[in-house]
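Below: the structure, in structure tokens.
Protein chains in written order, with this note's numbering: chain A, 261 to 643; chain B, 261 to 643.
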């Protein structure tokens, strides 16, 4: 690995407002760790009290910091949570899309796309250079565009619920690089419009008193078409936003995860089941609606797991099948290296040329589910 | 606390075959810890490589050790697991009852009942002194009777699935105190019969080749009447037994646990969901049977949680309601002290005299579920 430049601890300490000794400790414990790439990049593998996980520090000569995207907390009940949380007069409701979130910023003279964890994804970088008007980054070198990459050619969370042929990018936040401070909602939307960059859908602005009723209607509508949910925001973006999702999206997550039941965390399952309980109570469901919700939940858990067990029984490998679509084959190699760095085991199929692009199918191997299922089918015990 | 007698490390080391230095280390880390009672008792709070958690060491003068009950591993599939595991010719199938397991042994001149964790339960001790012929313990001072306490007046796992008015005791294993070595299945049953002590039901002895078919029939029958499952044993008890349970019992556990959704471990839920998947595959279920299983699973998760949320919404406290039935009120006080020692917060209602006994209703407080539900209902976020 190119050893790159040593972290200028003094400068980083001042920029982040974290004592030097703390930075040194984080480096030692590898909470703050170097990533093998040019320009030299250090990333926060997890968050500390004041700094979000995924915060990236670029340091070839001049230091540039891109703060991690803060975790958006979840409402289990719309009422009284919205009222309780938002001491402002109104809230703005925007769509929460189902893809993966990236931060896009210009570092030196290049636009780069950072994943949640603070790694530069070469595939996403290629996509955002095509999809976003690059003049924005020239004009606004101190801003970061935070958005969702959605669509079927998305190698992290592929979804066909949107009318998107390959992938598209929708902005939900614009923030300052070093501080992470967000622009107010309308300022963000206006700025994006000026550059023709798409934002996530804005449902409206509602009084804090009534917002729970409006959001309920929006969520029912989104659920019917299989969409994920909403983010509820203070228009000024001073009070941190909260998220709320549809039961359909919840069950769809479970269906996806239970195919790889031994690879996902146990909290993943538990929290989604609990959400269903609270939504049913809030919506004051009758016997018929509740019964339907229960069956959908049970089916979302068992059917994909049974599919996986049967697949393994037939001797097939359990894989998460995704695809990428690229202009040049160099990006494929870089993306393969990126997956390796993330610890993902994957098989890349030969590129298929489609028009002027290459479609590459990728099978991610869920080793834990493969191993566990194979062991049980061969007569091993659970524990 | 009565400081009791110091542990004779040298003697314990020899009896357990664990080096003295290791015993001293375990004492220091409180893996091996003293319990405030007479006679002086030390217990293994968790297992170490060769010694089971719950192993109890009594030491006033002479040392007596009661080995912890070993964890019985679970089959996720009957075939090929039974065939794989049991290199003997036949297996014996006994019922696994749904209650709590205790070890009963005579220590000095008193018969005591130990819970799984190695604490002496005063209530269970009263019960086993009534229910079991005490001559057995006089005649066999080196044996431990391992059995299940079942029935509605059981303060740990109350169940009304058996035709039992208060509580009853069913033996599944007889073992040697110090070594934990079990008696062979038929020797155990014959010995118990001699003293008129009830054993769990014996379904039969089957060839290892066919056992999975027989157990499937047994499990379907047990499931229909809401009973838990079976333990499959090497008749000689040389190969450790394995357990297998019905879907109904599985769902009943989930129904019970989801009332107190925030107090149970996340693994508790996950492993039960996975069991359902494997059973469905093994039984090669058609669409109708699978749909029914999914709905039952979903209902077992959501209905009890919804009941809890609604209860809290009405301002009621979430409690696990159990009861004990005792001859004297002294046992009630001792049992209250025992629950406190276990860290269980409980409210005891005034005793009701029924015939010559006292019935005492106990409300165990599931603090985590109470707090979490109250917080969410008042508008707090999940995380």
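For each residue, glycine too, the CB sits at the ideal point set by N, CA and C.
N-terminal and C-terminal residue of the alpha helix (DSSP H) that residue i is part of
| i | result |
| --- | --- |
| residue 539 of chain B | 526-542 |
| residue 448 of chain A | 445-454 |
| residue 507 of chain B | 507-518 |
| residue 270 of chain A | 269-276 |
| residue 387 of chain B | 382-391 |
| residue 471 of chain B | 471-484 |
Contact set between residue i and chain A, taken where Cβ atoms lie within less than 8 Å
| i | result |
| --- | --- |
| residue 344 of chain B | 638, 639 and 640 |
| residue 565 of chain B | 533, 534 and 537 |
Segment limits, beta strand (DSSP E) that includes residue i
| i | result |
| --- | --- |
| residue 430 of chain A | 428-436 |
| residue 307 of chain A | From DSSP, residue 307 of chain A is part of no beta strand (DSSP E); its letter is neither H nor E. |
| residue 578 of chain A | Run containing residue 578 of chain A: none; DSSP gives neither H nor E here. |
| residue 421 of chain A | No beta strand (DSSP E) contains residue 421 of chain A, which DSSP labels as neither H nor E. |
| residue 407 of chain B | 403-410 |
| residue 618 of chain A | 617-625 |
| residue 288 of chain A | Careful: residue 288 of chain A lies outside any beta strand (DSSP E), inside the alpha helix (DSSP H) at 280-288. |
| residue 370 of chain B | 370-374 |
| residue 298 of chain A | That residue, residue 298 of chain A, is in no beta strand (DSSP E); it is neither H nor E in DSSP. |
Pick from the options that is closest to residue i, judged by C-alpha positions
| i | options | result |
| --- | --- | --- |
| residue 563 of chain B | A:539, A:573, A:584 and A:498 | A:539 |
| residue 369 of chain B | B:356, B:397, B:544 and B:347 | B:397 |
| residue 403 of chain A | A:392, A:436 and A:431 | A:436 |
| residue 313 of chain A | A:329, A:428, A:518 and A:570 | A:329 |
| residue 614 of chain A | A:586, A:523 and A:524 | A:586 |
| residue 635 of chain A | A:573, A:364, A:597 and A:599 | A:573 |
| residue 461 of chain B | B:469, B:426 and B:422 | B:422 |
| residue 474 of chain B | B:420, B:447, B:350 and B:528 | B:350 |
| residue 375 of chain A | A:318, A:356, A:395 and A:409 | A:409 |
| residue 358 of chain A | A:504, A:546 and A:524 | A:504 |
| residue 575 of chain A | A:616, A:584 and A:631 | A:631 |
| residue 340 of chain B | B:468, B:596 and B:515 | B:468 |
| residue 290 of chain B | B:496, B:304 and B:480 | B:304 |
| residue 381 of chain B | B:512, B:425, B:600 and B:491 | B:600 |
| residue 449 of chain A | A:434, A:507, A:439 and A:549 | A:434 |
| residue 583 of chain B | B:264, B:624 and B:557 | B:624 |
| residue 416 of chain A | A:383, A:393, A:443 and A:445 | A:383 |
| residue 318 of chain A | A:366, A:362 and A:354 | A:366 |
Listed by chain order, chain A residues near residue i by CB distance under 7 Å
| i | result |
| --- | --- |
| residue 569 of chain B | 537, 538 and 541 |
| residue 557 of chain B | 558, 561 and 562 |
Coarse secondary structure for residue i, derived from DSSP in three states
| i | result |
| --- | --- |
| residue 439 of chain A | coil |
| residue 637 of chain B | helix |
| residue 360 of chain A | strand |
| residue 335 of chain A | coil |
| residue 316 of chain A | strand |
| residue 493 of chain A | strand |
| residue 459 of chain A | strand |
| residue 328 of chain A | coil |
| residue 346 of chain B | coil |
| residue 398 of chain A | helix |
| residue 614 of chain A | strand |
| residue 606 of chain A | strand |
| residue 587 of chain A | coil |
| residue 467 of chain B | strand |
| residue 628 of chain A | helix |
| residue 553 of chain B | helix |
Chain-ordered neighbours of residue i on chain B, where CB pairs are closer than 9 Å
| i | result |
| --- | --- |
| residue 348 of chain A | Under the 9 Å cutoff, chain B gives no residues; its nearest Cβ is about 15 Å from residue 348 of chain A. |
| residue 507 of chain A | Near residue 507 of chain A there are no residues of chain B at all, since even the closest Cβ is about 11 Å away, more than 9 Å. |
Cross-chain neighbours of residue i in chain B, by beta carbon under 7 Å
| i | result |
| --- | --- |
| residue 553 of chain A | 562 |
Cross-chain neighbours of residue i in chain A, by beta carbon under 9 Å
| i | result |
| --- | --- |
| residue 643 of chain B | 331, 333, 334 and 531 |
Short of 7 Å Cβ to Cβ, which residues in the stretch 299-311 of chain B face chain A? none
Pull out every residue of the stretch 324-342 of chain A whose Cβ sits closer than 7 Å to any Cβ of chain B, in chain order. 333, 334, 335, 336, 337, 340 and 341
Report the residues of the stretch 487-505 of chain B with a CB closer than 9 Å to any CB of chain A, ordered along the chain. 502
Identify each residue in the stretch 514-538 of chain B for which the Cβ-Cβ distance to at least one residue of chain C is less than 9 Å, and report them in chain order. Of the chains in the structure shown, none is chain C; the protein chains are A and B.
Which of the residues in the stretch 452-484 of chain A, read from start to end, lie with their CB under 8 Å from any CB of chain B? none
Mind listing which residues of the stretch 622-634 of chain A have their C-beta closer than 8 Å to chain B's C-betas, in chain order? none
Taking a Cβ distance cut-off of 7 Å, strictly less, list which residues of the stretch 574-587 of chain A are near chain B, in chain order. none
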